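Comments concern the structure below.
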Amino acid sequence: MQGAGEEERRASIPPRVVAWFAQNARDLPWRRPGFSAWGVLVSEIMLQQTPVARVIPRLEQWLDRWPTPDALAADSPAEAVRAWQSLGYPRRALALHAAAMAISERHAGVVPDDMDALLALPGIGDYTARAVAAFAYGRPVPVVDVNTRRVLARAVHGQGEAGPARTRADLAAMQELLPSDPTEAQAFNAGAMELGQTVCVARSPRCEACPIAELCAWRAAGYPAYTGPAAPRQARYEGSDRQVRGLIMRALRHSDGPVPAEAIELLWPDAVQRERALAGLLRDGLAVGAPETGYRLPD
DNA sequence: AAGGCGTGGGT
DNA sequence: TACCCAAGCCT
């Protein structure tokens, strides 16, 4: 049993990551001094399954146009979906608009700072609620995203991959390491994510640049191949309903008036799949209309 | 609780 | 070229 040495090794991880982050944090919009809680919330929604580089320009445009929840709530869902452009998963734009409405109506236009109120907002799940609480309000709650999970899997557990998400266990592991000082906790939350995103990447990790390489359990074990349960793989996109939905949404975004049913038909040859995709969009509230009237974004 | 849900860059 | 991957959420 190497309990004492193991505890010491783990305890060394957070301060190293925090020190590394202080020197290596990228200059990102949401790290600017005075960046609003609303800005943090918008950025976190945009960053759900979308790379940083694609989010930055869209985020700045969005906040220029809608600098507060009230401003967005006063505009239409259609405008939100249009401004989302091709960021992907446009249901996020719809949810963000609905969240702005809820913040405007239920929270006097102020982004909530507690987990329960945040979780009650559409499009905000466990990760995003924690991220807003931690990064917008400095709450010392553990924040665990896919990058942090990979860092913990490797450095702490000696596994090359994180495997399927296990939220409770992942949060407990992060909580174990989280510094008690709120400022340090915030830096460790952000630093672990940054490390996973820029150094401890999924493929070809750059261990020579890693601040905790000599503390890393995976490295110490000789980088054993991962043999645990595999994370679920995302379905093929080409030819999928998602692709058809994407084509229809693009047509709706780019049209001033309703898009005629005949125009929709030209977007995809397979009628069954096309109708299924359209029905899904209607059900999701991303499109409204009927065959006779044509289809448009929700007002 | 497994699978649906966009899009585009990297290898 | 195909496939992988990305600050998840929802049902």
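Going by UniProt numbering, the first sequence opens with residue 1, and the numbers climb by one from there.
The beta carbon of each residue, even a glycine, is placed where N, CA and C say it ideally should be.
These numbers come from a predicted model, not from an experiment.
Between A155 and C216, the CB-CB gap stays under 8 Å. Separation of the CB atoms of R149 and A162 is rounded to 4 Å, and the pair is thereby assigned contact status at 8 Å.
Between the stretch 48-59 and the stretch 25-34, the count of C-beta pairs closer than 8 Å reaches three or more; the two stretches touch. A residue is called buried once 16 or more other Cβ atoms fall within 10 Å of its Cβ, and D284, having fewer, is exposed. Per the coordinates, the alpha-carbon of A100 lies some 26 Å from the alpha-carbon of V146. Shown here, R10 sits in a helix according to DSSP, grouped into three states. With respect to the 8 Å criterion, L119 and A108 are not classified as neighbours on the basis of their beta carbons. When only Cα atoms are considered, V17 and I248 end up about 45 Å apart. Q61 is classed as exposed because its beta carbon has fewer than 16 other beta carbons within 10 Å across all chains shown.
Taking 3 residues as the minimum length, the stretch 206-235 contains no beta strand (DSSP E) run wholly inside it. Collapsing the DSSP output to three states places A290 in a strand. Taking H157 as the centre and dropping the five residues before and after it, the same chain places the C-beta of A217 closer than 7 Å to its C-beta, in chain order.
With respect to Q48, R9 sits apart: the two C-beta atoms are not nearer than 8 Å.
The alpha carbon of P232 has as its nearest neighbour, out of P164, A83 and A251, the alpha carbon of P164. In this structure, the straight-line span from the alpha carbon of G34 to that of P291 is close to 48 Å.
Excluding sequence positions up to five before and after R296, its CB lies within less than 8 Å of the CB of A78, L252, S255, G257, P258, V259, A287, V288 and G289, all in the same chain and listed in chain order. Out of G88, T198 and S180, the CA that lies nearest to the CA of R242 is found in G88. Per DSSP, S43 is one residue of the alpha helix (DSSP H) stretching across A37 to M46. Rounded to whole angstroms, S240 and A22 show a C-alpha spacing of 43 Å.
Using a 10 angstroms sphere on the CB of V151, the tally of other CB atoms reaches 16 or more, which defines it as buried. In this model, P69 and L96 are separated by some 9 Å (Cα to Cα). Nearest to V244 by C-alpha distance, out of N189, L278, V141 and G39, is L278. In this structure, G294 lies away from A271, with their beta-carbon atoms at least 8 Å apart. With 16 or more neighbouring CB atoms inside 10 Å of its own CB, S43 falls in the buried class. Contact between A71 and A136 is ruled out by a C-beta separation of about 18 Å, above the 8 Å threshold.
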